[in-house]
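Chemist: This is the structure I have questions about; it appears just below.
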Amino acid sequence: MIKEFQLEIRNKNTFIGIFLYVVSTIFVCYLTFKQIISPQTWNALFWIIILFSTVSAVSKGFIQEGQGRLLYYYTIASGTAIIFSKIFYNILLMGVLSMASFLFYSIFLGNIAEDLSWYLLGVLAGSSGLATIFTLISAIAHKANNNGVLVAVLGFPIILPMMIVIIKFSNAAIMGAARSSSLDSLLIMGLLLIIVLSLSYILFPYLWKD
Numbered sequence: 002m003i004k005e006f007q008l009e010i011r012n013k014n015t016f017i018g019i020f021l022y023v024v025s026t027i028f029v030c031y032l033t034f035k036q037i038i039s040p041q042t043w044n045a046l047f048w049i050i051i052l053f054s055t056v057s058a059v060s061k062g063f064i065q066e067g068q069g070r071l072l073y074y075y076t077i078a079s080g081t082a083i084i085f086s087k088i089f090y091n092i093l094l095m096g097v098l099s100m101a102s103f104l105f106y107s108i109f110l111g112n113i114a115e116d117l118s119w120y121l122l123g124v125l126a127g128s129s130g131l132a133t134i135f136t137l138i139s140a141i142a143h144k145a146n147n148n149g150v151l152v153a154v155l156g157f158p159i160i161l162p163m164m165i166v167i168i169k170f171s172n173a174a175i176m177g178a179a180r181s182s183s184l185d186s187l188l189i190m191g192l193l194l195i196i197v198l199s200l201s202y203i204l205f206p207y208l209w210k211d
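Going by this note's numbering, the sequence shown opens with residue 2, and the numbers climb by one from there.
Laid out in structure tokens, this is it:
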């Protein structure tokens, strides 16, 4: 797993490209919404940026791999090590990217979250969940002849409940609601993450052997 993680972390082009995409998108939002916008719109715009950034950064993780590199992976690591190293790498990637996105988003559009630390916790939890889900979907799509359309088809019913919970949690943090009122949302995000990790552990080794 360590070897696979090292191979992934050397690829800096992905992070740089997605980071430029995020900054450009945030600047466009700033030009469009120069005046004060509602908290719900502010929150929705931010998570739309994070969602599409995750799709761009994570969903092609397996699809863009060449057969030669995949064969090399096959010789040095097990399927379980491969999928979890990619998941952990993507969680780290999206964690850094989401924090950087929030920083630039706050600079251009302001920070209206009354409970900032709780909101940032939701950003980290949400980006981790999205990264994990799209990593597994990317692995499945790769085994379907690199069908990128399959990523969108499989992703929608899985991402939808996650996004609903993320928006609910972050809206509560923006409004400064009592933390106890949003603990259920945090718990649901954690359970969804555990479910996807369990599916990755069970399913991917069989896909990897094909």
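Backbone N, C-alpha and C fix where the C-beta goes; we use that ideal spot for every residue, glycine too.
Can you list, in chain order, the residues of its chain with a C-beta nearer than 7 Å to that of S182? Leave out the 5 residues immediately preceding and following it.
Modeler: Hits under 7 Å: A173.
Chemist: Under 8 Å by Cβ, that's how I've got I92 and A132 pegged, so tell me the actual separation to the nearest angstrom.
Modeler: I92 to A132, Cβ: 5 Å. Contact.
Chemist: Tell me whether A132 sits in a helix, a strand or coil according to DSSP, three-state version.
Modeler: It is helical.
Chemist: Taking the alpha carbon of D185 as the reference point, which residue from F109, I38 and I167 has its own alpha carbon closest?
Modeler: Considering only alpha carbons, the answer is I167.
Chemist: Considering just the uninterrupted stretch of the alpha helix (DSSP H) at S99, what are its terminal residues?
Modeler: Looking at the DSSP string, the run of the alpha helix (DSSP H) that includes S99 is G80 to L110.
Chemist: Compare the C-alpha of G130 against each of L46, F105, G156 and F103 and name the closest.
Modeler: Nearest option by C-alpha distance: G156.
Chemist: Can S107 and L125 be called in contact, C-beta distance under 8 Å?
Modeler: Not in contact: S107 and L125 (Cβ atoms no closer than 8 Å).
Chemist: Alpha helix (DSSP H) containing S57: first to last residue?
Modeler: Element bounds for S57: P40 to V59.
Chemist: Whose C-alpha, out of M176, I196, T33 and Y22, is nearest the C-alpha of E115?
Modeler: E115 has its Cα closest to that of M176, out of M176, I196, T33 and Y22.
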